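Protein chains: 2
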Amino acid sequence: MHIVFVTGAAGFIGSTLVDRLLLDGKQVVGWDNFSTGQRRFLESALRHPGFKLVEGDNLDSTALTKAMAGCDTVFHLAANADVRFGLEHPAKDLQQNTIATFNVLEAMRANGIRRIAFSSTGSVYGEAEKIPTPEDAPFPVQTSLYAASKISGEGMISSYCEGFKFEGYIFRFVSILGERYTHGHVFDFYRQLLEHPGQLKVLGDGSQRKSYLYVQDCLSAMLHVMNQGTAKKARHGVEIYNLGADEYVQVNNSIGFICGALGLEPRLEYTGGQRGWVGDNPFIFLQTAKIRATGWQPTLTIEQGIGRTLQWLQQNQWVYETRH
Amino acid sequence: MHIVFVTGAAGFIGSTLVDRLLLDGKQVVGWDNFSTGQRRFLESALRHPGFKLVEGDNLDSTALTKAMAGCDTVFHLAANADVRFGLEHPAKDLQQNTIATFNVLEAMRANGIRRIAFSSTGSVYGEAEKIPTPEDAPFPVQTSLYAASKISGEGMISSYCEGFKFEGYIFRFVSILGERYTHGHVFDFYRQLLEHPGQLKVLGDGSQRKSYLYVQDCLSAMLHVMNQGTAKKARHGVEIYNLGADEYVQVNNSIGFICGALGLEPRLEYTGGQRGWVGDNPFIFLQTAKIRATGWQPTLTIEQGIGRTLQWLQQNQWVYETRH
């Protein structure tokens, strides 16, 4: 891993990865269409001689193939990460996740690049009956277009590993938290509390149980197994890892952390029901024995991760203005 | 189920379904792009007043949406069924299976049609460790682009069932045999024996174990659960069924049946190895307890199915001339 291509390089996780790879002495080509990415996240990277930014879209195969030339590893993080509104624009997950991933794979093949890391999601387990959910849980029924598109991406990647001898690392993330976080429940809650500190609207009944992971812990896990080269020895040239903390929190607990940290006691208004939205999974908790067996472990608890996230949001309220 | 839309209506399974639906008194709109479909398979249907043929491609959303108007049920059977050559044209499965299925779902939504039957495949289990493989087998790693595209189709369908209240029937087929069969090992072996009766080239070492199902038994199973409306009561509005026989045969056994029926003793030439091709699954055998619990059972054994297939191929050698 010397010259690394990162799709979604201006995103929350992508830009954090870029900084970390540069710190590790790698050369990095960042690729982003800036549909949701933030130029400010790349400010420091852009001053680094080892970094090159190429602005482009994964649906533009020609530009993508050209931009990737000379790289030896691809982190494919660009995606429509909007799980909740999939039903309002069903084509988005197909285009930005499924077709985009295919284009990334073909661009790699055209350039003779074979090592890929992919950000998949714990949502692929649907409404799992086995919790904590292991990587080989019973074959799930997909309940969101987002997860369906990620499963599609996983399937194409593992087929390229089998058929074209790619080396694939698929990571099924829980929700990721930390600095540069610009999407999800902490983001939404803090925005509401900025606008009206006395009131907080909560989707569902607040009993949903979710797991989170701090972004640097997430990146450590990915880099750890890729440095070990675990997929090289895997049966089909691909390894799939759940990434998450060994704990979960209820949305209500999370509200407690947030309000406690901010010193607020808002009136809570629940929209009601077990689910925050159609396709919302009321309980996501992944078994992480596989990634832990490689020697990785997280450094922050969920509460600490939420704390860091809040602190960063407090210091970077500009993200609420620039976001679409 | 009164006015039924069938994609892939001129194909092996599609045209057989069309004839059966017409016999049942349904009105049928057949849709096919004739990339592999055969007009001759629809000869009898085209004489029936209840049948309308519309020639078109699943990638042409506008025409597809228009053609579907007025129907209440869709059998989405059109697909690139070419499992073996996926690596030679990786975009084909994405376009003809994944994107095509998305277009079918969107055309249904535009027309207010909610009932869909989908031909998926036992290949989605990858190289299953649990054999016979049940529907809730451990979450598999995909090893072919064909299966990856079918999993993608399944995921979108179940998400539409969850999100848009569709009623979905997903069928994971083993290889289907019978009259109008124009693809697969019996087809290939018979062609070889027609060309040179003294010699037969076999992919792999002949030890691959596969399961097959007779086409009329396959259709009976589909129509049976759809008439029962099982998916209406299902958790996410979707039911997934394995369809297969309760037995499997080795490729070598199958060669025995074929040569026995033809009275030939060719010299066998094996290409060697456990697999017929990259991504070939050396052992496919599905557990069919779920579909059997609904009251369905197959009427023909695999050997009888191969017999019918051979008989039809002998009487319809024109398929070898017209096929691409």
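Chains as they are written, first to last, in our numbering: chain A, 495 to 818; chain B, 495 to 818. Where is the CB? At the ideal position from N, CA and C, for every residue including glycine. Predicted, not measured: the structure shown is a model, and the values here were computed from it.
- Uninterrupted beta strand (DSSP E) stretches at least 3 residues long and entirely within the region 502 to 568 of chain A occur at 521 to 526, 545 to 549, given in chain order.
- The Cβ atoms of F596 (chain B) and M650 (chain B) sit closer than 8 Å to each other.
- Straight-line measurement puts the Cα of Q710 (chain B) at about 56 Å from the Cα of I497 (chain A).
- Counting along the chain, the unbroken beta strand (DSSP E) around A611 (chain A) starts and ends at 609 to 615.
- Residues of chain A with a Cβ closer than 8 Å to the Cβ of V635 (chain B) are, in chain order, S652, R729, H730, V732, I734.
- Rounded to whole angstroms, A739 (chain A) and I670 (chain A) show a C-alpha spacing of 10 Å.
- When the alpha-carbon of E815 (chain A) is set against those of A:T510, A:G519, A:T530, the nearest one is in A:T530.
- Assignment of I734 (chain A) by DSSP, reduced to helix, strand and coil, places it in the strand class.
- I625 (chain A) has a beta carbon lying at 8 Å or more from every beta carbon in chain B.
- In the structure shown, the three-state DSSP call for V500 (chain A) is strand.
- Taking a cut-off of 8 Å on C-beta distances, the region 568 to 584 of chain A touches the region 635 to 654 of chain A, as three or more cross pairs fall below it.
- Within the region 559 to 592 of chain A, the residues whose Cβ lies closer than 9 Å to any Cβ of chain B are, in chain order, G580, L581, P584, A585, D587, L588, T592.
- The beta-carbon of I749 (chain B) is placed no less than 8 Å from the nearest beta-carbon of chain A.
- Using a Cβ distance threshold of 8 Å, H677 (chain A) and F499 (chain A) do not count as a contacting pair.
- As the crow flies, the alpha-carbon of N775 (chain B) is around 6 Å from that of E621 (chain B).
- Contact annotation for I645 (chain A) against chain B: I645, S646, G649 [CB-CB distance below 8 Å, chain order].
- Under the three-state reduction of DSSP, R802 (chain A) is assigned to helix.
- According to the DSSP assignment, F683 (chain B) belongs to the alpha helix (DSSP H) that extends over 679 to 689.
- Counting the other Cβ atoms within 10 Å of the Cβ of E733 (chain B) gives 16 or more, which makes it buried.
- Here DSSP, grouped into helix, strand and coil, assigns R769 (chain B) to coil.
- Going by DSSP, F665 (chain B) is part of the beta strand (DSSP E) stretching over 661 to 667.
- Among the CB atoms of chain B, one or more fall inside 8 Å of the CB of G657 (chain A).
- Counting along the chain, K644 (chain A) sits inside the alpha helix (DSSP H) bounded by residues 639 to 658.
- Relative to the Cα of Q781 (chain B), the nearest Cα in the group B:L571, B:G672, B:K704 belongs to B:K704.
- Taken residue by residue, none of the region 661 to 673 of chain A has a beta-carbon sitting less than 7 Å from a beta-carbon on chain B.
- Chain-order list of chain B residues neighbouring G773 (chain A): S653, E656, G657, by C-beta distance under 9 Å.
- Minimum Cα-Cα distance from S701 (chain A) among the listed residues A:Q744, A:D554, A:W525 corresponds to A:Q744.
- With contacts defined by Cβ atoms closer than 8 Å, G657 (chain B) and V772 (chain A) form a contacting pair.
- Under the DSSP assignment, R603 (chain A) falls in the alpha helix (DSSP H) whose first and last residues are 594 to 605.
- Here the alpha carbon of T724 (chain B) sits roughly 39 Å from the alpha carbon of G731 (chain A).
- When DSSP states are grouped into helix, strand and coil, Y742 (chain B) belongs to the coil group.
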